[in-house]
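Everything in the sequence shown is counted per our numbering, starting at 1 for the first residue and increasing by one. By construction, the Cβ of each residue, glycine as well, lies at the ideal position given by its N, Cα and C atoms.
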Amino acid sequence: MISRAISVAFVGSLLVGAWAGCGDGGGGGGGLPSSGPYTPGGGTTPTGSSGGDASTGSGSGGAVASSSSGSSGGSSGSSGSSSGGAVPVEAGPPPLTLDTALAQFAACMSYSAFTSNGPNGVSAADVAKSQTTDYGDCNACHNQGDGGFWASYGTVQGQNMTQVMFNETQVFPYIAKWVSGTVDTNGNFKDLVPSNAIANQASLSSQCMAGTPCHPKFQLDPNVVTAINTFVTNTITAWHAGTCSQQSTDAGATDSGTD
1 MISRAISVAF
11 VGSLLVGAWA
21 GCGDGGGGGG
31 GLPSSGPYTP
41 GGGTTPTGSS
51 GGDASTGSGS
61 GGAVASSSSG
71 SSGGSSGSSG
81 SSSGGAVPVE
91 AGPPPLTLDT
101 ALAQFAACMS
111 YSAFTSNGPN
121 GVSAADVAKS
131 QTTDYGDCNA
141 CHNQGDGGFW
151 ASYGTVQGQN
161 MTQVMFNETQ
171 VFPYIAKWVS
181 GTVDTNGNFK
191 DLVPSNAIAN
201 QASLSSQCMA
211 GTPCHPKFQL
221 DPNVVTAINT
231 FVTNTITAWH
241 AGTCSQQSTD
251 AGATDSGTD
């Protein structure tokens, strides 16, 4: 009887201790909190010695409370760090390319400037009338853009061929006979300049040896050269100034004049 009484007392004390451990928020096994206000995700707000247990996590209940609180705090810290970081710098416009620059130059080209006579009585468009020594004028071979150069004038079946020449000169490859691009030390596009390709072709053809396949010799009026340079230079100046982002209204879409 004594042994049985001792056993019952021993088991009873264990049960009481277990219940006490579950309820104090410290080293017990995760019962209801016994003190302090409820903190979402963080168990109780520890006070006294129980708070020390919860903060050090000596029991499983304290460890859970400490871990949740730490996670919440970490999340909050992370959020604060993200919102308080450096403001992203917006990327600037992409670098200008030769293709884009040529398109912008074409939009700056004016049909009236292309066909207007300068002080010497000729226009840039008059290059189409330049005469070769054996094959007629430039129009004879280049009225369909042969060799990457478009040269035409007059009226064919009611169509203004000077207008056609202007329109074709606005696109590649024909525009390259009038203007070309330069590059910087890194090989990136830098600027547009007069190409002088037509005058250079006249110079090269004059040096052609008999029997050598080259361009026929042709006479290029110095006044035409001046008119071409004036047209190209003025267009580049307008492009640099940004005054012709849209195609000029006199770019030839409705012009019906003839030469």
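| Item | Value |
| --- | --- |
| With C-beta atoms as the reference, is Asn167 less than 9 angstroms away from Gly154? | no |
| Which same chain residues, not among the five before or five after Asn229, have their C-beta less than 7 angstroms away from its C-beta? | Pro194 |
| Report yes or no: do the segment 220-234 and the segment 193-208 share at least 3 C-beta pairs separated by less than 8 angstroms? | yes |
| Could you check if Asn120 is buried or exposed, using at least 16 other CB atoms within 10 Å of its CB as the buried criterion? | exposed |
| Tell me whether Thr133 is buried or exposed, calling it buried when 16 or more other Cβ atoms sit within 10 Å of its Cβ. | exposed |
| Is there at least one Cβ from chain C nearer than 9 angstroms to Tyr135's Cβ? | No chain C is present in this structure, which holds just one protein chain. |
| For Gly242, count the other beta carbons within 10 Å of its own beta carbon; 16 or more makes it buried, fewer makes it exposed. Which is it? | exposed |
| So, do the segment 143-154 and the segment 121-130 have three or more beta carbon pairs nearer to each other than 8 angstroms? | yes |
| Could you check the C-alpha separation between Cys244 and Met209 for me, to the nearest Å? | 44 angstroms |
| If the criterion is Cβ atoms closer than 9 angstroms, does the pair Gln157 and Trp239 meet it? | no |
| For His215 versus Gly147, is the C-beta spacing smaller than 9 angstroms? | yes |
| Note down the Cα distance separating Thr169 from Ile175, rounded to an integer number of angstroms. | 5 angstroms |
| Could you spell out where the beta strand (DSSP E) holding Pro194 opens and where it closes? | Phe189 to Pro194 |
| Quick one: measure Cβ to Cβ for Ala202 and Ser123, integer angstroms, because I've assumed they're closer than 8 angstroms. | Not quite, the Cβ-Cβ distance comes to about 18 angstroms (not below 8 angstroms), so this is no contact. |
| Could you give the distance in angstroms between the alpha-carbon of Gln219 and the alpha-carbon of Gly92? | 49 angstroms |
| Would you please state the rounded distance, in angstroms, between the beta carbons of Ala106 and Val171? I believe it to be under 8 angstroms. | 7 angstroms |
| Of the choices Thr182, Asn117 and Ser112, whose alpha-carbon is the least far from that of Thr97? | Thr182 |
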